[in-house]
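Just so you know, the sequence shown maps onto residues 428 to 901 in our numbering.
Using N, Cα and C, we set each Cβ at its ideal position, and we do this for glycine too.
Bear in mind the structure is a predicted one, so any value in this text is a computation, not a measurement.
Read the structure below first, then the notes.
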Amino acid sequence: MTDRIGIHWFRLDLRLNDNPALYELSKEVDKIIPIYIYEENIEIGHASKCWLEKSLENLDNELSKLDSKLYVFKGNPKKIIDIIVEDKNISHFSWNRLYDKHSILRDKEIKSSLNKKSIVCNTFNGYLLSEPWEIKNKSGNFFKVFTPFWKANFEILLNKKLSLSSSSKYNFYKKNINSVLKIDELKLNIPKKEWMNKILSYWDIGENAAKLKLKKFINNKLYNYNIGRDRPDSDFTSKISPHLHFGEISPLRIFTEVMKSNIDEKNKTKYLSEIGWRDFSYNLLFNYPEMTDLPIQSKFEKFPWQRDKKNLITWKEGKTGIPIVDAGMKELYEMGWMHNRVRMIVGSFLTKNLLLHWKEGERWFFDTLVDADIGSNSAGWQWIAGSGADASPYFRIFNPILQGKKFDPKGEYVKQFIPSLDKIPEKFIHSPWEMTVEEQKKYNFILGRDYPKPIVDLSYTRKRALEAFKKISE
Ligand code: FAD
């Protein structure tokens, strides 16, 4: 009897453990061909590309320990899959589902084509705690507000018999297949190699690193998450976002491990609710597939966004003269990640003080974050711009000086990324322009020389934003 062969298509699930599609496939077939397809016409940021390359290498390495390898292709998935399945022994195909409109359409087409060829195609949830269609309110509609969404989601999870799909007995295929590429032939780390190498120096990438990071987070930081998560000057968040984005770890594993830890309920539930925001972002993306480009609240379509290339570049480069904003933008460029509190501050500054379109911020984040994620990024930007579903109200304009004083009271975060502010007294760290000329001389710090003057007046631009908002609300 010939072997029954199945194909597992790795996408944003770059892990072997707790991978439901892979696990279920292994029960159906004798051998599995693990494939990855780099889809050229899907946009992927530079920082994500460098993470992806390492993550693929890592997965390939894990597969080689099981006497196989990752079969990598580049091009149109439908065409590539049609060619691979010409091998008559292939009876099954599997993947874990994705929720953006491009993936949904593509997958539907591929599934139907496989079915026509009598190949069994099974798909699973390996990316979210619960899928968008599972969480409905009493009227059967999806939730537009986070709190009831998470309550419903959490209840479902508590009532489900959750188990991680684990096996160490996968039987992977090892044979030559035409047009398979080496990972470096994807040329993911070109053209910004130096910057990418710098970013990579901050991260350990891959499934084992993700599991270890979760373990260390639970053991050393979770006890103080509820308060510590808001402080960019300390290190109390999990930094698991890029691992979750690429599927090196599943949200279900995080949920399960956190629930069984002996940390107090307050910190546990706060952390899990943040994972819940990720599910909520995908709930929005699934139900508003255009939210990557269009405001969820349509009144924002007529918002008088400004076009100011110079201000945009100044913001990207972290040279606005507002320390906490500049520190955040420098952190982003330095390590491909930014603290959540600071993401909100730089986002509010861009969309409200500079009146620049949230799409400009979303684009820059998408290119430079290692956790750049189609759901969480567009939901985060729409939230901060005020145009989202359960968004921060537009009139809530973050005051970056007060935010800095509250969440980085000694200016340690700011000084880490802007060393020239090191020499000025603590009380001026978040507003160096308040120093008199004499004070500047005393500390050998000249505004405009050692650090830029603010590019806008915070209180004038706040009023201007409120007026603009009033107009679209009339
Ligand atoms: P932790 O505080 O340890 O949280 C654990 C996990 O919960 C995170 O890894 C993440 O998966 C999830 N999470 C936490 N907060 C949020 C949130 N507000 N929305 C969705 N999920 C959340 N997150 C991304 O993963 N990718 C993005 O592209 C992204 N873009 C953002 C853009 C803006 C403007 C804003 C305000 C937020 C954005 N976020 C994004 C959400 C959040 O900032 C990051 O998930 C978080 O900072 C990652 O760090 P962490 O893993 O240490 O978070």
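Under DSSP, His519 shares a beta bridge with Gly433 and Val547. The criterion of a C-beta distance shorter than 9 Å is satisfied by Thr741 and Ile882. The alpha helix (DSSP H) runs lying completely inside the stretch 649-713 and spanning 4 residues or more are 652-655, 668-672 and 678-687, given in chain order. Within the model, the alpha-carbon separation for Thr574 versus Asp735 is close to 37 Å. Listed as beta-bridge partners of Gln733 by DSSP are Leu783.
With a threshold of 16 other beta carbon atoms within 10 Å, Trp810 meets it and is buried.
The beta carbon of Asp877 is closer than 6 Å to those of Ser847 in its chain, skipping five residues each way along the sequence.
The beta carbon of Met765 lies closer than 7 Å to those of Gly755, Glu758 and Leu759 in the same chain, with the five residues before and after it left out. Going by C-alpha positions, Gly633 is about 19 Å away from Gly472. Per DSSP, the beta bridge partners of Ile459 are Gly433 and Phe599.
When the alpha-carbon of Phe599 is set against those of Glu675, Tyr498, Asn468 and Ser540, the nearest one is in Tyr498. A distance below 6 Å between beta-carbons, with the five flanking residues on each side excluded, links Ser700 to the following residues of its chain, in chain order: Trp577. An exposed status is given to Ser886, since fewer than 16 other beta-carbon atoms sit within 10 Å of its beta-carbon. Between the ligand FAD and the CB of Arg891, the shortest heavy atom gap is not smaller than 8 Å. The Cβ atoms of Ile749 and Ile824 lie no closer than 9 Å to each other. Distance check between Thr429 and each of Asn767, Ser521, Ala448 and Val456 places Val456 closest, using alpha-carbon atoms only. Taking a cut-off of 8 Å for Cβ pairs, the stretch 447-455 and the stretch 520-528 touch, as three or more such pairs fall below it.
Taking non-hydrogen atoms of the ligand FAD into account, the C-beta of Trp577 is found less than 8 Å away from none of them. The DSSP-derived three-state label of Leu591 is coil. Following the DSSP letters along the chain, one finds Lys501 inside the beta strand (DSSP E) bounded by residues Tyr498 to Lys501. Lys501 and Leu781 have their C-alpha atoms some 40 Å from each other. By the Cβ criterion, the stretch 458-468 is not in contact with the stretch 535-551, since fewer than three pairs of Cβ atoms, one from each stretch, lie closer than 8 Å. According to DSSP, Leu874 shares a beta bridge with Tyr878.
Per the DSSP secondary-structure output, Leu627 pairs with nothing in a beta bridge. In the same chain as Leu525, and ignoring 5 residues on each side of it, the C-beta atoms closer than 8 Å to its own belong to Arg438, Leu439, Ile531, Asp534 and Tyr554, in chain order.
For the pair Asp817 and Asn586, the Cα-to-Cα distance works out to about 26 Å. When DSSP states are grouped into helix, strand and coil, Tyr450 belongs to the helix group. Nearest neighbour of Asn542 by Cα position, chosen from Pro559, Val512 and Glu561, turns out to be Val512. When secondary structure is reduced to three states using DSSP, Tyr821 falls in the coil class, being assigned neither helix nor strand.
Within the same chain, Cβ atoms closer than 6 Å to the Cβ of Asn616 are found at Cys477, Glu480 and Met623, the five residues on either side in sequence being excluded. By the neighbour-count criterion, in which 16 or more other beta carbons inside 10 Å mark a residue as buried, Arg431 falls on the exposed side. Cβ-Cβ distances below 7 Å link Ile751 to Val769, Ile772, Pro827, Gln830, Gly831, Asp835, Val841 and His857 in the same chain, with the five nearest sequence neighbours on each side left out; the list follows chain order. In the DSSP assignment, Ile610 falls outside any alpha helix (DSSP H), carrying neither H nor E. Comparing alpha-carbon positions, the option among Lys625, Arg680, Tyr698 and Asn647 lying closest to Asn653 turns out to be Tyr698.
Remark: the shortest separation between the CB of Ser725 and any heavy atom of the ligand FAD does not fall under 8 Å. Rounded to whole angstroms, Lys506 and Leu874 show a C-alpha spacing of 59 Å.
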